[in-house]
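Q:
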Amino acid sequence: MIKANTVSQVREQVKKWKKEGLSVGLVPTMGYLHKGHASLVDEAVRQCDKVVVSDFVNPTQFGPGEDLETYPRDFEHDCALLEAHGCHMVFHPDVSEMYTEEIATYVENISDMPKTLCGKTRPIHFRGVCTVVSKLFNIVTPDKAFFGMKDAQQLAIIRKMVTDLSFGIEIVGCPIVREDDGLAMSSRNTYLSAEERKQALVLSRAVKLGQELIAKGEHDADKITSEMKALITEMPLAKIDYVSAVDGTSLKDTKTLKNGDLVAMAVYIGKTRLIDNFTVNCDKG
Ligand code: AMP
Numbered sequence: 002m003i004k005a006n007t008v009s010q011v012r013e014q015v016k017k018w019k020k021e022g023l024s025v026g027l028v029p030t031m032g033y034l035h036k037g038h039a040s041l042v043d044e045a046v047r048q049c050d051k052v053v054v055s056d057f058v059n060p061t062q063f064g065p066g067e068d069l070e071t072y073p074r075d076f077e078h079d080c081a082l083l084e085a086h087g088c089h090m091v092f093h094p095d096v097s098e099m100y101t102e103e104i105a106t107y108v109e110n111i112s113d114m115p116k117t118l119c120g121k122t123r124p125i126h127f128r129g130v131c132t133v134v135s136k137l138f139n140i141v142t143p144d145k146a147f148f149g150m151k152d153a154q155q156l157a158i159i160r161k162m163v164t165d166l167s168f169g170i171e172i173v174g175c176p177i178v179r180e181d182d183g184l185a186m187s188s189r190n191t192y193l194s195a196e197e198r199k200q201a202l203v204l205s206r207a208v209k210l211g212q213e214l215i216a217k218g219e220h221d222a223d224k225i226t227s228e229m230k231a232l233i234t235e236m237p238l239a240k241i242d243y244v245s246a247v248d249g250t251s252l253k254d255t256k257t258l259k260n261g262d263l264v265a266m267a268v269y270i271g272k273t274r275l276i277d278n279f280t281v282n283c284d285k286g
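Letter by letter, the sequence shown follows residues 2 to 286 in our numbering.
1. Thinking Val58 and Gly32 are a contact (beta carbons under 8 Å), I'd like their distance in whole angstroms, please.
2. In whole angstroms, what separates the C-alpha of Thr257 from that of Glu98?
3. Is Gly149 near the ligand AMP, with its Cβ less than 6 Å from a heavy atom?
4. Residues bridged to Thr30 by DSSP?
5. Inspect the beta-carbon positions of Ala239 and Val268 and report whether they are closer than 7 Å.
6. Helix, strand or coil for Lys20 per DSSP?
7. Where does Val96 land, buried or exposed, given buried means 16+ other C-beta within 10 angstroms?
8. Which stretch, first to last residue, makes up the alpha helix (DSSP H) that contains Asp79?
9. Answer with buried or exposed for Pro176, where buried requires no fewer than 16 other C-beta atoms within 10 angstroms of its C-beta.
10. Which residue comes first and which comes last in the alpha helix (DSSP H) that contains Ile225?
11. Under the rule that 16 or more other beta-carbon atoms within 10 Å means buried, what is Arg74, buried or exposed?
12. By Cβ distance, which residues of its chain are closer than 6 Å to His38, with the 5 residues on each side in sequence left out?
13. Give me, in chain order, the residues of the same chain whose beta-carbon lies closer than 8 Å to that of Lys36; leave out the 5 immediate sequence neighbours on both sides.
14. By the three-class DSSP mapping on this structure, what secondary structure does Ile3 have?
15. Quick one: using the 10 Å Cβ neighbour count with 16 as the cut-off for buried, is Ser205 buried or exposed?
16. Once the 5 residues before and after Tyr100 are set aside, which same chain residues still bring their CB inside 8 Å of it?
17. Might you give, ordered along the chain, the residues of its own chain that have their beta carbon closer than 8 Å to the beta carbon of Asn278, omitting 5 neighbours on each side?
18. Quick one: grab the DSSP three-state call for Asn139.
19. Is His38 near the ligand AMP - that is, is its Cβ less than 6 Å away from at least one heavy atom of it?
20. Taking C-beta to C-beta, are Val15 and Asp144 nearer than 7 Å?
21. Report yes or no: do the region 119-130 and the region 85-92 share at least 3 C-beta pairs separated by less than 8 Å?
22. What residue range does the beta strand (DSSP E) around Glu171 cover?
23. Looking at the structure shown, is Asn278 part of a helix, part of a strand, or coil, going by DSSP?
24. Quick check on Asn282: buried or exposed, where buried means 16 or more other Cβ atoms within 10 Å of its Cβ?
25. When the Cα atoms are used, what is the spatial distance from Gly64 to Asn260?
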């Protein structure tokens with residue numbers, strides 16, 4: 002596996018691959034990799050000849066007071082995992098390789114998509130995400146890019162960005178990978194104490210409850226999200242940021258659930274903010 006720190010290293014290598022007629026897949030990550038990330042790499046290896054994984058804690062997507070400084074990092078562990086999953090190149094730049102001191106140009110979705118759900122409490126987050134993902138697309142010029150449905154709002158916003166800006170890159174959404182007990186895998190799970198880890202299970206239990214209600218024929222979004230909220234509130238360490246039902250593409254609020262809608266939540270467990278979601282399938286929940 003090639004370890005690249007600079008934009009020019011990545012560009013030169015990708016140029017060689019493209020000359021040989023090989024397809025290139027990109028998996029953007031912030032590192033501290035787990036099985037959720039690995040599933041994206043596996044899918045990229047299945048679909049592309051060469052796979053590039055970016056491993057970069059992107060400062061522009063963190064707001065003031067968020068966990069940029071404490072975000073967990075372990076590049077050696079990441080490299081071992083990536084090598085084991087058949088990644089061909091990891092791109093691990095310094096912040097100074099990606100950004101000048103004063104940024105004058107951002108890529109920003111100006112609709113309500115980045116203002117709803119996580120955007121209510123993280124107003125600059127998706128501008129940072131769109132900017133870094135655009136930069137990675139320009140650096141790697143992949144044929145396909147792989148994103149997790151765990152970050153469903155991010156996936157919808159990136160799909161819209163790729164359409165609006167004619168990136169010509171296929172976006173592949175990959176299912177949420179969970180721990181055996183149901184907790185969605187996340188680099189931030191490492192922040193949880195033993196007691197918090199137990200109570201964090203309420204997110205996946207709320208997902209299951211929502212799906213069960215839909216499978217029983219309930220399609221009223223308010224009723225479903227209210228029941229999910231009531232379940233979450235039973236946990237003393239849980240504080241709900243939001244539990245919402247939206248259209249899966251436009252992210253506009255929805256009253257009556259239909260296939261493809263998104264039921265998403267963010268919940269603080271102690272100081273740690275966790276997210277989870279499911280896509281509505283009216284036959285199965
Ligand atoms: P992050 O490093 O948290 O920015 O995540 C990098 C990519 O991995 C994003 O596309 C995430 O949606 C995806 N991802 C993170 N956790 C999971 C998970 N548990 N299952 C599937 N994909 C995930």
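Cβ coordinates follow ideal geometry from the N, Cα and C atoms, glycine included. Note that the structure is a prediction, hence the values are computed from the model and not measured.
A: Taking the geometry as given:
1. 6 Å
2. 47 Å
3. yes
4. Asp56
5. yes
6. helix
7. exposed
8. 76-85
9. exposed
10. 222-234
11. exposed
12. Thr30
13. Val178, Met186
14. strand
15. buried
16. Pro60, Thr61
17. Met150, Lys151, Ala153, Ile177, Val208, Leu263, Val264, Ala265, Met266
18. helix
19. yes
20. no
21. no
22. 171-175
23. strand
24. exposed
25. 33 Å
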